[in-house]
Amino acid sequence: MTLVHQFLENSAQKHPDKTALVFREQRLSYAEFEAQANALGHGLVELGVRRGDRVIIWRNNSVETCVAIFAALKAGAAFVVVNPTVKQEKFLFLVKNCRPSAIITDDRHLGPVLDLLPEAPAVSIGKQFLGHPLVSSYTSLISNQPTSPPPVRCIDRDLAALIYTSGSTGFPKGVMSAHYNVTAAAASITQYLQNTPEDIIINALPLAFDYGLYQLLMAFLIGGTLVLETSFAFPVQILKLMQKERVTGLPGVPSLFSMLLQLDPSLLYLPNLRYVTNTGAALPAGHIVRLRELFPQARIYSMYGQTECKRTLYLPPEELDRRPDSVGIPIPNEEVFVVDKEGNQVPPGQVGELVVRGANVMLGYWDDPQETARTFLPGPLPGERLLRSHDLFWRDEEGFLYFVGRQDDIIKSRGQKVSPKEVEAALYQIPGVAQAAVIGVRHPLWGQAIQAHIVVERGAELLDGKTIIRGCKGVLEDFMAPQEVVFHHQLPKTQSGKINYIALRRLFEPSQGSP
Amino acid sequence: MTEIRNTIRQFILDEFIYDDQGDEILTDDISLLDEGILDSLGILSIIGFLEERFGIQVADPEVIPANLGSVQAMVAYVGRKLERDA
Chain A
49 MTLVHQFLEN SAQKHPDKTA LVFREQRLSY AEFEAQANAL GHGLVELGVR
99 RGDRVIIWRN NSVETCVAIF AALKAGAAFV VVNPTVKQEK FLFLVKNCRP
149 SAIITDDRHL GPVLDLLPEA PAVSIGKQFL GHPLVSSYTS LISNQPTSPP
199 PVRCIDRDLA ALIYTSGSTG FPKGVMSAHY NVTAAAASIT QYLQNTPEDI
249 IINALPLAFD YGLYQLLMAF LIGGTLVLET SFAFPVQILK LMQKERVTGL
299 PGVPSLFSML LQLDPSLLYL PNLRYVTNTG AALPAGHIVR LRELFPQARI
349 YSMYGQTECK RTLYLPPEEL DRRPDSVGIP IPNEEVFVVD KEGNQVPPGQ
399 VGELVVRGAN VMLGYWDDPQ ETARTFLPGP LPGERLLRSH DLFWRDEEGF
449 LYFVGRQDDI IKSRGQKVSP KEVEAALYQI PGVAQAAVIG VRHPLWGQAI
499 QAHIVVERGA ELLDGKTIIR GCKGVLEDFM APQEVVFHHQ LPKTQSGKIN
549 YIALRRLFEP SQGSP
Chain B
80 MTEIRNTIRQ FILDEFIYDD QGDEILTDDI SLLDEGILDS LGILSIIGFL
130 EERFGIQVAD PEVIPANLGS VQAMVAYVGR KLERDA
């Protein structure tokens with residue numbers, strides 16, 4: 049398969065009556081899903097969406113979000129799923145950056161969309177604003193449309209998705225995934241997970257997050273079933289749902305597994321569970337032991353990656369006991385190197401930067417040639433490019449890889465990249481903040497927690513941590529807001545007068561820097 | 080009940096909604112999870128708040144949308160818990 053929407057089209061042809069998607073009381077067969085995606089695809093073409101365009105989808109996990117992803121592709125466009133907790137200011141940045149030809153959203157976000165962008169056509173999944181000249185209703189857009197795919201030709205070099213991730217400059221970067229990048233990654237991952245059409249995968253991770261998004265894409269590639277939820281906030285209910293739907297695959301992050309392990313074990317009876325995947329941060333060893341006791345029949349995969357190539361490494365479950373600290377080997381059809389500053393490979397045991405070679409590696413960052421240039425190294429073949437992970441690793445004699453730390457100052461918290469500069473920019477907007485520096489400190493479940501160091505202006509001594517965190521949440525997504533605020537009379541400075549982050553990190557995380 | 084409602088609403092407005100239009104967005108029946116107002120960590124902090132503020136114990140099996148999915152659900156749930164203790 050070469051195009052991402054063919055995952056759906058192919059499965060709809062093979063088993064039209066099989067359940068593709070379950071969301072609350074809605075169950076859609078592959079044929080029903082395909083018909084709705086085709087109808088919306090035609091609707092988007094009618095609205096003016098053309099091959100090579102971008103379509104923003106600003107809505108939480110839902111049937112419509114999933115349909116819109118495939119409809120955008122069928123119209124020849126790339127989809128951009130935006131997290132529902134993104135705030136107005138950042139949304140405006142995303143829109144200016146990717147220049148969408150349509151925005152699919154709901155009542156909660158449509159007000160701000162119309163305030164900000166009076167020229168952008170919007171598709172409303174809700175009921176308000178339907179009289180607005182720029183707003184079309186999702187329901188009417190999909191009615192009276194052909195149920196066959198729109199006649200749009202595209203090839204696998206075309207853009208399939210923009211996935212925004214934090215950049216070191218403080219501005220989000222749109223990871224450009226071509227169809228061939230997505231198909232390569234999805235084929236590789238479903239291969240090592242040994243997925244079959246019998247798999248029933250639960251996904252409560254946001255579809256705006258590549259880990260959540262790929263659950264949908266991979267379920268459709270294999271012709272399995274996706275059971276969709278909006279979050280794991282109600283764990284008992286989700287566990288009941290997993291029992292009822294006979295879920296076989298559970299993708300999660302450490303904080304989810306930690307929450308599950310605090311529940312009464314009798315609630316965790318999941319006899320159909322075939323595999324569990326973890327990424328974002330390493331699972332504590334004790335959790336692995338308990339997960340195995342609870343789900344003795346399930347294979348446990350620990351994985352590592354970045355949005356730029358979707359996934360980089362996985363640890364084959366049978367290696368978990370022998371090398372609990374390793375994040376594994378390259379995923380199928382991909383290779384990685386550990387290199388020094390000159391780009392030369394270093395011998396086993398020596399620390400260097402991990403670089404990635406494979407069809408899963410992105411095309412670059414949308415409209416950001418500078419960031420793109422600093423992310424690629426020349427590859428072994430003419431014109432080939434290797435992806436720099438900016439992460440430090442070493443490999444053992446047998447080729448298993450071990451994570452050491454990050455090379456740049458990007459914080460990785462709860463599986464998502466957080467740019468200290470972006471958080472600092474939010475801090476400087478808070479009245480009374482004179483100086484701000486943000487660092488990541490080790491956290492047992494999140495990988496890193498976000499710590500803000502603040503000097504307040506004279507007369508603003510009453511400014512407290514809670515107000516500062518609240519101020520950040522007003523402009524940042526929830527996962528980017530600091531968890532802790534430390535007040536200083538002055539911040540450590542370098543000789544040239546800049547904030548000395550190394551000294552700050554050393555003070556607040558003494559163990560860092562010793563591999 | 081009005082007091083319970085106002086207390087819960089104020090907490091959600093302060094902690095999770097930062098819009099100027101927060102008051103309009105936060106209707107009593109809006110689904111806090113589906114609309115992306117709360118995530119799983121948000122629910123945990125709401126549970127902590129309800130336990131502390133109203134002196135109730137939220138048991139694991141009670142952490143369901145019928146009890147905590149919206150302002151309306153929380154008000155009814157806290158009301159029932161307090162009545163049982165009274």
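Line by line, the protein sequences are chains A and B.
So my numbering is basically just the index in the first sequence, starting at one, shifted up by 48.
So my numbering is basically just the index in the second sequence, starting at one, shifted up by 79.
Built from N, CA and C at the ideal position, the CB exists for glycine as well.
Which residues in chain B sit within 9 Å of residue i, going by Cβ to Cβ distance?
{"i": "Asn108 (chain A)", "result": "Leu112, Asp113, Glu114, Gly115"}
Going by C-alpha to C-alpha distance, which of the options sits closest to residue i?
{"i": "Gln418 (chain A)", "options": "A:Glu557, A:Glu167, A:Ser59, A:Ser216", "result": "A:Ser216"}
{"i": "Asn392 (chain A)", "options": "A:Asn408, A:Arg436, A:Ser374", "result": "A:Arg436"}
{"i": "Gly158 (chain B)", "options": "B:Pro140, B:Asp118, B:Arg132", "result": "B:Arg132"}
{"i": "Glu82 (chain A)", "options": "A:Leu56, A:Gly91, A:Val70, A:Lys66", "result": "A:Leu56"}
{"i": "Lys66 (chain A)", "options": "A:Ala267, A:Ala123, A:Asp101", "result": "A:Ala267"}
{"i": "Phe282 (chain A)", "options": "A:Asp258, A:Leu308, A:Gln263, A:Arg454", "result": "A:Leu308"}
{"i": "Ala235 (chain A)", "options": "A:Trp494, A:Met49, A:Tyr476", "result": "A:Met49"}
{"i": "Lys358 (chain A)", "options": "A:Arg371, A:Val409, A:Thr423, A:Gln176", "result": "A:Val409"}
{"i": "Glu73 (chain A)", "options": "A:Ala87, A:Val97, A:Val111, A:Gly100", "result": "A:Val111"}
{"i": "Leu241 (chain A)", "options": "A:Leu363, A:Gly328, A:Phe118", "result": "A:Leu363"}
{"i": "Gln291 (chain A)", "options": "A:Ser279, A:Gly300, A:Val301, A:Ser314", "result": "A:Ser314"}
{"i": "Gly101 (chain B)", "options": "A:Leu449, A:Gly179, A:Lys135", "result": "A:Lys135"}
{"i": "Glu472 (chain A)", "options": "A:Gly328, A:Thr515, A:Leu524", "result": "A:Leu524"}
{"i": "Gly328 (chain A)", "options": "A:Asn243, A:Ser350, A:Arg340", "result": "A:Ser350"}
{"i": "Arg340 (chain A)", "options": "A:Asp369, A:Tyr352, A:Arg554", "result": "A:Asp369"}
Who are the neighbours of residue i on chain A, taking C-beta pairs under 7 Å?
{"i": "Ser149 (chain B)", "result": "The contacting residues do not exist; Ser149 (chain B) stays about 12 Å from chain A at best."}
{"i": "Asp118 (chain B)", "result": "Ser279, Ala281, Asp526"}
What whole-angstrom Cβ distance do residue i and residue j have, given they're in contact under 8 Å?
{"i": "Asp154 (chain A)", "j": "Arg107 (chain A)", "result": "5 Å"}
{"i": "Val171 (chain A)", "j": "Tyr186 (chain A)", "result": "5 Å"}
{"i": "Val284 (chain A)", "j": "Ile143 (chain B)", "result": "6 Å"}
{"i": "Leu425 (chain A)", "j": "Val399 (chain A)", "result": "No, Leu425 (chain A) and Val399 (chain A) are not in contact; Cβ-Cβ is about 17 Å, not under 8 Å."}
{"i": "Val70 (chain A)", "j": "Leu331 (chain A)", "result": "Val70 (chain A) to Leu331 (chain A), Cβ: 27 Å. No contact."}
{"i": "Pro198 (chain A)", "j": "His90 (chain A)", "result": "5 Å"}
{"i": "Phe451 (chain A)", "j": "Val375 (chain A)", "result": "6 Å"}
{"i": "Val128 (chain A)", "j": "Leu210 (chain A)", "result": "5 Å"}
{"i": "Ser184 (chain A)", "j": "Leu274 (chain A)", "result": "In fact, because the Cβ distance is near 27 Å, the residues do not count as touching under 8 Å."}
{"i": "Leu161 (chain B)", "j": "Ile135 (chain B)", "result": "7 Å"}
{"i": "Val115 (chain A)", "j": "Gln84 (chain A)", "result": "5 Å"}
{"i": "Thr420 (chain A)", "j": "Gly412 (chain A)", "result": "4 Å"}
{"i": "Leu449 (chain A)", "j": "Ile348 (chain A)", "result": "Not quite, the Cβ-Cβ distance comes to about 18 Å (not below 8 Å), so this is no contact."}
{"i": "Asp139 (chain B)", "j": "Asp312 (chain A)", "result": "6 Å"}
At 8 Å on the CB atoms, spell out the chain A contacts of residue i, in chain order.
{"i": "Ile104 (chain B)", "result": "Arg156"}
{"i": "Ile87 (chain B)", "result": "Chain A residues near Ile87 (chain B): none, gap ~16 Å exceeds 8 Å."}
{"i": "Ile91 (chain B)", "result": "None at all; the shortest Cβ gap to chain A is about 13 Å."}
Could you pull out every residue in the same chain whose Cβ sits closer than 7 Å to the Cβ of residue i, ignoring the five residues on either side in sequence?
{"i": "Phe90 (chain B)", "result": "Phe128"}
{"i": "Ala208 (chain A)", "result": "Val52, Leu121, Ala126, Ser225, Ala226, His227, Val230"}
{"i": "Phe343 (chain A)", "result": "Leu318, Leu321, Val324"}
{"i": "Gln61 (chain A)", "result": "none"}
{"i": "Ser214 (chain A)", "result": "Pro220, Ile458, Lys465, Val466, Ser467, Glu470"}
{"i": "Asn548 (chain A)", "result": "Pro540, Lys541, Thr542"}
{"i": "Ser80 (chain B)", "result": "The sequence as given places Met at residue 80 (chain B); Ser does not occur at that position. So the list reads Val154, Gly158, once near-sequence residues are dropped."}
{"i": "Gly427 (chain A)", "result": "Arg405, Arg433, Leu434"}
{"i": "Val489 (chain A)", "result": "Gln496, Ala497, Gln499, Phe556, Glu557"}
{"i": "Val137 (chain B)", "result": "Ile126, Leu129, Glu130"}
Please list, in chain order, the chain B residues whose beta carbon lies closer than 8 Å to that of residue i.
{"i": "Pro132 (chain A)", "result": "Glu114, Gly115"}
Beta-carbon within less than 8 Å of residue i's beta-carbon, same chain only, minus the 5 sequence neighbours each way: which residues are those?
{"i": "Arg156 (chain A)", "result": "Pro132, Gly174"}
{"i": "Leu105 (chain B)", "result": "Arg88, Ile91, Leu92, Ile96, Ile116, Val150"}
{"i": "Leu552 (chain A)", "result": "Ala485, Ile487, His501, Leu539, Pro540"}
{"i": "Ala168 (chain A)", "result": "Val143, Pro148, Ala150, Ile151, Val161, Leu182"}
{"i": "Ile109 (chain B)", "result": "Ile116, Ser149, Val150"}
{"i": "Arg294 (chain A)", "result": "Ile248, Asn320"}
What residues from chain A crowd round residue i, counting only those whose CB sits closer than 9 Å?
{"i": "Val142 (chain B)", "result": "Ala281, Phe282, Pro283, Val284, Gln285"}
{"i": "Asp139 (chain B)", "result": "Pro283, Val284, Gln310, Leu311, Asp312, Leu315"}
Within a Cβ cutoff of 6 Å, which residues of the same chain sit near residue i, ignoring the five residues on either side of it in sequence?
{"i": "Ala529 (chain A)", "result": "Ile517, Cys520, Lys521"}
{"i": "Leu261 (chain A)", "result": "Leu255"}
{"i": "Gly480 (chain A)", "result": "Val504, Glu505, Ala508, Leu511"}
{"i": "Gly297 (chain A)", "result": "Asp247, Ile249, Tyr323"}
{"i": "Ser279 (chain A)", "result": "Ala252"}
Does the ligand NAD have even one heavy atom less than 8 Å from the beta-carbon of residue i?
{"i": "Met49 (chain A)", "result": "Among the ligands in the structure shown, none appear at all, so the ligand NAD cannot be discussed."}
Are the stretch 215 to 229 of chain A and the stretch 138 to 148 of chain A touching, with three or more C-beta to C-beta distances below 8 Å? These segments touch.
Residues, ordered as in the chain, of the stretch 311 to 337 of chain A that lie near chain C by beta-carbon distance below 8 Å: Going by chain labels, chain C is absent from the structure shown, which instead holds the protein chains A and B.
Could you check whether the stretch 244 to 253 of chain A touches the stretch 441 to 460 of chain A, counting it as contact only if at least three pairs of C-beta atoms, one from each stretch, sit closer than 8 Å? At 8 Å Cβ cutoff, the stretches do not touch.
Is there contact here, the stretch 382 to 391 of chain A with the stretch 451 to 462 of chain A, by at least three beta-carbon pairs under 8 Å? Contact fails: fewer than three Cβ-Cβ distances are below 8 Å.
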